[in-house]
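Taking our numbering, I'd label the letters of the sequence shown as residues 1 to 574. Down below is the structure, laid out as structure tokens.
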Amino acid sequence: MTALHTGIPDQGGRPLPLPETQSTHGEEGLRPNAMLDVGWGRLLFGPSFASPQELAHELLNETPGRRDIALYVDAPQLVLAEAPSELFLDPSLIFRRQLHREERLPQSAPGIWVRALTTRSDIGAINRLYTSRHMVPVDPQQVWRQRNSPAVIYLVAEDERTGEVIGSAIGVDHVEAFGDEYGGSSLWCLAVDPQSPMSGAGQSLVNYLIDYYAQRQRRFIDLSVLHDNHTAIGLYQKLGFEQVTGFVIKKKNQINEKLFADTTDLARLNPYARIIVDEARRRGIGVEVLDYAAGIFKLRYAGHEMLCRESLTELTGGVAMTWCQDKVLTLRRLASVGLRVPQQRTAGDRDADIAFMEEFDSVVVKPATSEQGRGISMNITTPEELDAAIALAEREGGHVVIEEFCTGQDLRIIVIGYRVVAAAIRKPAEVVGDGSSTIAQLIERQSARRAAATGGESRIPVDAETRRCLELQGLTLESVLDKDQAVSVRRTANLHTGGTIHDVTGQLHPALREAAETAARALRIPVVGLDFLVPTPAGSEYVVIEANERPGLANHEPQPTAQRFVDLLFPLTT
């Protein structure tokens, strides 16, 4: 059984029917009360427990913050009857693949290397993946202790170009772990980095485990997935898995809540509202959604109410909103308190606009009041490009800003309660060639992966700016990239135009932290996302280019943005 996590919390494994024919594996026989700690919780092998009472009792001993899973439960109703208010039947589909030692599967996808965990940093990379997928992280010490155990194998998929870990999976040998007489194995917690431009990591990990357990003479490999995860189900069926019946039982907890509680309406919220609502509900704060499409909701606790639109609250005043929404006013205010900002002017006089561009060699053109990267053109160097960029920005409405083009990494810093909580480098969308696909095809695939991973929030647009970005590199949408050749397809790093986000909170230089907190105080805004351009987040050099009065807190995991946000609104619930 496995949990395939693709952005949905806690898709744990479920029990499957045992094969009718007993194998010769498991010479020592079934161990009583057999359990295996895999790092995020325990797998309890149902057939090894003498009674439903014993199995229920063990499930109720679950450690807080972990999730235990009882597998192959023959009579789930009897186990549930022992604690009906505390246990629940897990609602997933079970899939099984028969294994054949002589079978040879395709090697890993191009550019991907699948290997067993070897270093402590691998565990950190696995937990970063788990956190990004809203999964329960593993206990590093537990995983390190059993990294060479014959009962469990921890796999990582590595991007051969960069050395980054972009996928992970866990395999469990039922014979070694439980004394299973039927020669089974299972796949757990398949997780793939939604920001990686590489494709095929998930399939490579699954194929590796299929081959691994076939060579160990196991008879089958099991997994499970939520019934509505059609992408995962399609992958498994493609790899030869067939649905079977079976039952798994878990203890009710915050991790599993969506599987046993009615959260259908909350699922209609976008990720930026949902992360706040989930944290509020975890603390017992009342939630009333007023507008699902806009992400507007009311929080109530101990007679105190707060109206929110995602991370924008009644604590943000009208003047602060004005300062943040108009990019001209933003930089003017920040410059007045001594912060470094780019030079800019409001477009309107063509000769003066061209003279400004020539003074700085290159400029950025953007709508003064738009967000999410709409209407922005980067690195404009000719009058013709300037005219086209201004026309593009004007279509967003309002006045247009021409700004000195500053180089550097795009750094977003989140400030809550006038204290820095998170920082992340945002990278423009890129695609990686496979030697046969056009850039247009690569963009389509990468955009689909980004949209699936972000609830539709991140897509790569194919527009004039994308074409211009490619032209500057001597490419077109019909160009075919060499295998492993990486190409940026946008100049801006906004999430909504396919950009990716990489946490650097631990690397942030004190000068950048101080500048961000100074900016928040100057704008008199308690929750804000500030955009910097920096040579490196570990250095002191910067320019501030924008302030976002409604930053997306869901983009900064594993940092506790939602927790600090709710702390600010309801300090008594901390």
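The C-beta atom is built at its ideal place from N, Cα and C for all residues, glycine as well. Fair warning: this is a prediction, and the values are worked out from it, not measured in the lab.
Just mark threonine 118 as buried or exposed, buried being the case when its beta carbon has 16 or more other beta carbons within 10 Å. exposed
With a CB to CB cut of under 6 Å and the five nearest residues on each side skipped, what residues in its chain are close to threonine 500? Gln195 and Lys427
Taking Cβ positions, are glutamine 325 and glutamate 158 nearer each other than 8 Å? Result no, Cβ atoms of glutamine 325 and glutamate 158 do not sit closer than 8 Å.
Lysine 483 - DSSP class collapsed to helix/strand/coil: coil
Which residue comes first and which comes last in the beta strand (DSSP E) that contains glutamine 98? 92 to 98
Residues of its chain near serine 437, where Cβ-Cβ distance is below 6 Å and the 5 sequence neighbours each way are ignored: none
Per DSSP, cross-strand counterpart(s) of alanine 409: In the sequence as presented, alanine is not what sits at residue 409; that position holds glutamine. Glutamine 409 is bridged to Val534.
Can you tell me which of the three DSSP states arginine 513 falls into? helix
Tell whether a beta-carbon distance below 8 Å holds between phenylalanine 241 and leucine 259. no
What does DSSP give as the partner residues of asparagine 270 in its beta bridges? Asparagine 270 pairs with nothing; no bridge assigned.
For methionine 306, the residue or residues it bridges with in DSSP: Leu299
Go ahead and pull the three-state DSSP assignment for asparagine 548. strand
Once the 5 residues before and after alanine 254 are set aside, which same chain residues still bring their CB inside 7 Å of it? Note that residue 254 is glutamine in the sequence shown here, rather than alanine. Closer than 7 Å at the Cβ level, and outside the excluded window around glutamine 254, lie Arg282.
What does phenylalanine 220 pair with, by DSSP beta-bridge criteria? Gln98 and Gly184
Alpha carbon of glycine 124 to alpha carbon of serine 540, nearest angstrom: 27 Å
Any idea what DSSP makes of tyrosine 236, helix, strand or coil? helix
Just to confirm the assignment: which complete alpha helix (DSSP H) runs, minimum length 4, are found wholly within the region 393 to 458? 439 to 453
Tell me the DSSP bridge mates of leucine 44? Met35 and Ala70
Do isoleucine 249 and leucine 87 have their C-beta atoms within less than 8 Å of each other? yes
4-residue-minimum alpha helix (DSSP H) runs that sit fully inside the region 145 to 209, ordered along the chain: 174 to 178
Which residue from Arg101, Pro64, Ala50 and Pro91 puts its Cα closest to that of leucine 78? Ala50
In this structure, how does DSSP classify serine 540 when only helix, strand and coil are distinguished? coil
Test item: CB-CB of valine 400 and valine 528 under 8 Å: no
Distance, Cα to Cα, threonine 454 vs proline 197? 14 Å
For valine 337, is the classification buried or exposed, using 16 other Cβ atoms within 10 angstroms of its Cβ as the cut-off for buried? Valine 337 is classed as exposed because its beta carbon has fewer than 16 other beta carbons within 10 Å across all chains shown.
What does the Cβ neighbour count give for alanine 554, buried or exposed, with the cut at 16 atoms within 10 Å? buried
Less than 8 Å between the beta carbons of serine 48 and phenylalanine 178, yes or no? Yes, the pair counts as a contact, with Cβ atoms nearer than the cut-off.
Tell me, please, which residues DSSP counts as bridged to glycine 286. Arg300
Pull up the DSSP beta-bridge partners for leucine 226, would you. Ser92
Rounded C-beta distance between glutamate 288 and proline 342? I'm assuming under 8 Å. With a Cβ gap of about 42 Å, glutamate 288 and proline 342 do not count as contacting.
Whole angstroms are fine: how far does the CA of aspartate 361 sit from the CA of glutamine 344? 13 Å
Cβ-Cβ separation, alanine 83 to alanine 56 (assumed contact under 8 Å), whole Å: Right, the Cβ-Cβ distance comes to about 5 Å (below 8 Å), so this counts as a contact.
Spatial neighbours of lysine 100 within its chain, please: CB distance less than 7 Å, with the 5 preceding and 5 following residues excluded, ordered by chain position. Here residue 100 turns out to be histidine, not lysine, going by the sequence shown. Excluding its 5 nearest sequence neighbours in each direction, histidine 100 has C-beta neighbours in its own chain below 7 Å: Ala214, listed in chain order.
Rounded to whole angstroms, what is the Cα-Cα separation between tyrosine 542 and valine 328? 18 Å
Bounding residues of the beta strand (DSSP E) (the contiguous stretch that carries threonine 346): 344 to 346
Can you tell me whether valine 328 is helix, strand or coil according to DSSP? helix
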